[in-house]
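Trainee: Just so we're aligned: the sequence shown equals residues -26 to -1, 1 to 514 in mature numbering (1 follows the signal peptide of the UniProt record, and there is no 0).
Idealized CB from N, CA, C, for every residue including glycine.
Quick caveat, the model's predicted, so the values are computed rather than measured.
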Amino acid sequence: MARGRAVILQLICVVLAVLSFSLVNADDPYRFYTWTVTYGTLSPLGSPQQVILINGQFPGPRLDVVTNDNIILNLINKLDEPFLLTWNGVKQRKNSWQDGVLGTNCAIPPNTNYTYKFQTKDQIGSFNYFPSTAMHRAAGGYGGLNIYERPRIPIPFPNPDGDFTLLIGDWFKTNHKTLRETLDSGKSLPFPDGVLINGQAHSTFSGDQGKTYMFRISNVGMSTSFNFRIQGHTIKLVEVEGSHTIQNIYDSLDVHVGQSIAVLVTLNQAPKDYYIVASTRFNRQVLTATATLHYTNSQTPVSGPLPAGPQNQFHWSMTQARTYRWNLTANAARPNPQGSFHYGQIIPAKTIVLANSAPLINGKLRYAVNSVSYVNSDTPLKLADYFNIPGVFSWNSIQGTPSSGPSYVATSVMQVNHHDFIEVIFQNNENVMQSWHLDGYDFWVVGFGSGQWSQAKKRTYNLVDSLTRHTTQVYPNSWTAIYVSLDNQGMWNMRSAIWERQYLGQQFYLRVWNQVQNLANEYGIPSNALLCGKAVGHRP
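Next up, the structure:
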């Protein structure tokens, strides 16, 4: 009998050991990084200027990860002022603690470090990162972040023969601190001095004749949309910010501030070199950056006139945007069809209308949302909420409809309910292009239109196969409508992706709230959380 019990115990131990081994190996992989942020001197537009380097690189290192990877990234700040990075488009499921914006994180002081810990949960696609503090974005510090599919998760196109990341954006020769002083004085920024592709005035991308390559294109600029095209070649759109698309063929594509797309290009022309062109849009002055698409068997350098961009302005661009469609038969990051969530059949719990404006407040230029111009608090809103610290912000300090009253400054927070499904209207009554981003989420862009939005405009919505994405454009004197499923509890930044407007107040925070507080809804405060402002002295 004793021997029988011993055998049973041994079998139990073996089973437990096997289960333990299986569980350990079932964990999603961890990737560890150490990045050091410093200043350096480079000449992106031909004259020496101060830039922000990460591990000595400009742009910063590219993060190539796989769906559900756990990222452990130790960031060492060697600048002379506090610094943060935000992960543009990464959803941060249940984890706004790692969002890397001043409403959720204390900035990393000089000569100290902070370790980000987040997961690229259930995403595939082309994203990027950039500094969220002050005007650091105007000095660099940005980089590509590409999330690849897990094994056995098919993508709706053959694997390309190569994969290029193109970080394209407008650039100023003026030092970022001088630009900040300009905004602080109540003045707008000057027009940019040029456009860079991967931090350079000119780059080269090489490929073999007859092969197909993916180009991951992000607008990492401060203020201007651009049009992307390749001399002698068409481009096939396959992905927009994590959504696989109907694979339409285009001659050129508009990419607005903060947005990312992925296209396939087949090198099916005569073996020579061809221009890659990015030129700014919707301004009287046009800035152009070029790169070279080099066939490896080419003996002929690039030549000829640059391929022309679209001449029609907003109507052409809006018409093109309406052709972007979700590929409902393709798998997403998890093995389920992207179209299995029938967003068009859900009645929104509420409609929020957000109108941007450019008021003078106390004699200085500000930007506002529904007449409220956001100002940062010394205490991150997330910490104030967690520790119940009064006097930092008030719930519903911004209304869900435009106000006709005078504009004012406030630390504006709008409370919404966890698991609600809402409609948001971006109403642009200004004669300039807008670009809006929501951290922690993607959303369905269901409609674009000119003039004032009204309930009748819903008849024009695409409720079948609209894309999900994290940043959407709003054309001048026009509106854009989105649907959002509020499935990610936390404190999330909704902001203008145009950095001057964000810096001077065109932003606020969504407090996605659930009265039941548990780890199934949101992770707890990190043990390494930085504390600042009124949160100093509290314990994580």
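How long is the line joining the alpha carbons of Asp38 and Ser428, rounded to whole angstroms?
Mentor: The residue you call residue 38 lines up with position 64 of the sequence shown. The residue you call residue 428 lines up with position 454 of the sequence shown. One C-alpha to the other measures close to 43 Å.
Trainee: Opposite His110 in the DSSP bridges: which residues?
Mentor: One-based indexing of the sequence shown puts residue 110 at position 136. DSSP lists no beta-bridge partner residue for His110.
Trainee: Pair every Cβ in the region 227 to 239 with every Cβ in the region 159 to 177, then say whether three or more of these pairs are closer than 8 Å.
Mentor: no
Trainee: Report the three-state DSSP secondary structure of Gly507 (helix, strand or coil).
Mentor: Against the sequence shown, residue 507 aligns to sequence position 533. Looking at Gly507 - three-state DSSP - the assignment turns out to be helix.
Trainee: Using beta carbons (cut-off 7 Å, strictly below), is Tyr348 in contact with chain C?
Mentor: Protein chains in the displayed structure number just one, and chain C is not present.
Trainee: According to DSSP, is Glu213 part of a helix, a strand, or is it coil?
Mentor: The residue labelled residue 213 in the question sits at position 239 within the sequence shown. Reduced to three states, the DSSP call for Glu213 is strand.
Trainee: DSSP three-state label for Asn(-2), please.
Mentor: As a working note, residue -2 is residue 25 in the sequence shown. Annotation note: pLDDT 37 at Asn(-2) (below 50); position unreliable, coordinate value reported separately. Three-state DSSP puts Asn(-2) in a helix.
Trainee: What residues in its chain sit with their C-beta under 6 Å from that of Ala471, if we drop five residues either side in the sequence?
Mentor: Walking along the sequence shown from the start, residue 471 turns up at place 497. Here the set comprises Val231, Gly232, Ser409, His411, Thr445.
Trainee: Take every Cβ of the region 41 to 51, pair it with every Cβ of the region 438 to 456, and state whether three or more of those distances are shorter than 8 Å.
Mentor: no
Trainee: Between which two residues does the beta strand (DSSP E) carrying Ala358 extend?
Mentor: The count along the sequence shown starts at 1 and reaches residue 358 at position 384. Taken as a continuous stretch (DSSP letters only), Ala358 belongs to no beta strand (DSSP E), being part of the alpha helix (DSSP H) at 355 to 360.
Trainee: Ends of the beta strand (DSSP E) at Glu397?
Mentor: As a working mapping, residue 397 is identified with position 423 in the sequence shown. Residue range 395 to 402 is occupied by the beta strand (DSSP E) that includes Glu397.
Trainee: Would Lys68 and Tyr497 be called neighbours here (beta carbons separated by less than 7 Å)?
Mentor: Within the sequence shown, numbered from 1, the residue matching residue 68 stands at position 94. Within the sequence shown, numbered from 1, the residue matching residue 497 stands at position 523. In this structure, Lys68 places its C-beta atom within 7 Å of the C-beta atom of Tyr497.
Trainee: Quick check on Ile223: buried or exposed, where buried means 16 or more other Cβ atoms within 10 Å of its Cβ?
Mentor: The residue given as residue 223 occupies position 249 in the sequence shown. When all chains shown are included, Ile223 counts as exposed.
Trainee: For Asn85, tell me which candidate among Thr12, Val383, Thr94, Lys151 has the shortest Cα-Cα distance.
Mentor: Numbered from 1 along the sequence shown, position 111 holds the residue referred to as residue 85. When each option's Cα is compared against that of Asn85, the closest is Thr12.
Trainee: Expressed to the nearest angstrom, what Euclidean distance is found between the alpha-carbon atoms of Phe104 and Thr41?
Mentor: Here residue 104 refers to the residue found at position 130 of the sequence shown. Here residue 41 refers to the residue found at position 67 of the sequence shown. Computed Cα separation, rounded: 20 Å.
Trainee: Nearest-angstrom Cα distance between Gln426 and Asn370?
Mentor: Counted from its first residue, the sequence shown places residue 426 at position 452. Counted from its first residue, the sequence shown places residue 370 at position 396. Whole-angstrom Cα-Cα distance: 25 Å.
Trainee: With DSSP collapsed to three states, give me the class of Arg513.
Mentor: The residue given as residue 513 occupies position 539 in the sequence shown. In the structure shown, Arg513 sits in coil (DSSP, three-state: anything other than H, G, I, E or B).
Trainee: Please report the distance separating the alpha-carbon of Ala494 from that of Asp461.
Mentor: Residue 494 sits at position 520 when you count from the first residue of the sequence shown. Residue 461 sits at position 487 when you count from the first residue of the sequence shown. Distance between the alpha carbons of Ala494 and Asp461: 11 Å.
Trainee: Under the rule that 16 or more other beta-carbon atoms within 10 Å means buried, what is Phe101, buried or exposed?
Mentor: Your numbering for residue 101 matches position 127 in the sequence shown. Burial call: buried.
Trainee: Could you tell me the alpha carbon to alpha carbon distance between residue 536 and His207, rounded to whole angstroms?
Mentor: Nothing about residue 536 can be reported from this structure: the residues present for the chain run from -26 to 514 only.
Trainee: Can you grab the Cα-Cα spacing for the pair Leu27 / Pro35, in whole Å?
Mentor: Along the sequence shown, read from residue 1 onward, the residue named residue 27 stands at position 53. Along the sequence shown, read from residue 1 onward, the residue named residue 35 stands at position 61. Note on geometry: alpha-carbon atoms of Leu27 and Pro35 lie some 9 Å from one another.
Trainee: Quick one: residues in its chain with C-beta nearer than 6 Å to the C-beta of Pro245, no 5 flanking neighbours on either side, listed in chain order?
Mentor: Here residue 245 refers to the residue found at position 271 of the sequence shown. Here the set comprises Gln183, Tyr269, Asn271, Ser272.
Trainee: If you compare alpha carbons, which of Arg475, Val510, Arg485, Leu504 is closest to Met109?
Mentor: Walking along the sequence shown from the start, residue 109 turns up at place 135. The option with the nearest alpha carbon to Met109 is Arg475.
Trainee: Kindly indicate which residue of Phe6, Asn402, Gly77, Asn62 has the alpha-carbon position closest to the one of Pro376.
Mentor: Mapped onto the sequence shown, residue 376 falls at position 402. Minimum Cα distance to Pro376 is reached at Asn402.
Trainee: Locate the alpha helix (DSSP H) running through Ala295, then write down its first and last residues.
Mentor: On the sequence shown, residue 295 is found 321 positions in, with the first residue counted as 1. Element bounds for Ala295: 288 to 295.
Trainee: Would you grab the beta carbon distance between Val486 and Trp466 for me? Rounded to a whole angstrom, and I think it's under 8 Å.
Mentor: Position 512 of the sequence shown, counted from the first residue, corresponds to residue 486. Position 492 of the sequence shown, counted from the first residue, corresponds to residue 466. Their Cβ separation, rounded to whole angstroms, is 6 Å, which keeps Val486 and Trp466 in contact under 8 Å.
Trainee: Between which two residues does the alpha helix (DSSP H) harbouring Leu153 extend?
Mentor: As a working note, residue 153 is residue 179 in the sequence shown. 150 to 158 is the extent of the alpha helix (DSSP H) around Leu153.
Trainee: Suppose the cutoff is 6 Å on Cβ atoms and the five residues either side in sequence are ignored; what does the same chain contact list for Thr325 look like?
Mentor: On the sequence shown, position 351 is the one that residue 325 refers to. For Thr325, where only same-chain residues beyond five positions count, the Cβ hits under 6 Å are Glu397.
Trainee: Output the residue ranges of the alpha helix (DSSP H) runs that lie fully inside the region 33 to 62 and measure 4 residues or longer, sorted by chain position.
Mentor: Counting only runs of 4 or more, we get nothing.
Trainee: Counting along the chain, where does the beta strand (DSSP E) carrying Tyr483 start and finish?
Mentor: For the purposes of this step, residue 483 is taken as the residue at position 509 of the sequence shown. That run of the beta strand (DSSP E) goes 481 to 487.
Trainee: Which stretch, first to last residue, makes up the beta strand (DSSP E) that contains Trp466?
Mentor: Here residue 466 refers to the residue found at position 492 of the sequence shown. From DSSP, the beta strand (DSSP E) with Trp466 extends over 464 to 470.
Trainee: Output the residue ranges of the alpha helix (DSSP H) runs that lie fully inside the region 69 to 114 and measure 4 residues or longer, sorted by chain position.
Mentor: none
Trainee: Could you tell me the distance, in whole angstroms, from the CA atom of Thr211 to the CA atom of Thr219?
Mentor: Start at 1 with the first residue of the sequence shown, and residue 211 comes out as number 237. Start at 1 with the first residue of the sequence shown, and residue 219 comes out as number 245. The residue you asked about is not Thr; residue 211 is Leu in the sequence shown. Those two C-alpha atoms are separated by around 7 Å.
Trainee: Based on Cα-Cα distance, which residue from Ser277, Tyr90, Pro33 lies nearest to Trp61?
Mentor: What you label residue 61 is simply residue 87 of the sequence shown in a count that begins at 1. Of the listed residues, the one whose Cα sits closest to Trp61 is Tyr90.
Trainee: Reducing DSSP to helix, strand and coil, say where Thr178 ends up.
Mentor: Counting from one through the sequence shown, the residue named residue 178 turns up at place 204. Strand, per DSSP.
Trainee: So, at 7 Å on beta carbons, what are the nonlocal neighbours of Val214 in its own chain, with the 5 sequence-adjacent residues on each side left out?
Mentor: Residue numbering aside, residue 214 sits at position 240 when the sequence shown is read from its first letter. Result list for Val214: Ile235, Tyr298, Leu441, Arg443, in chain order.
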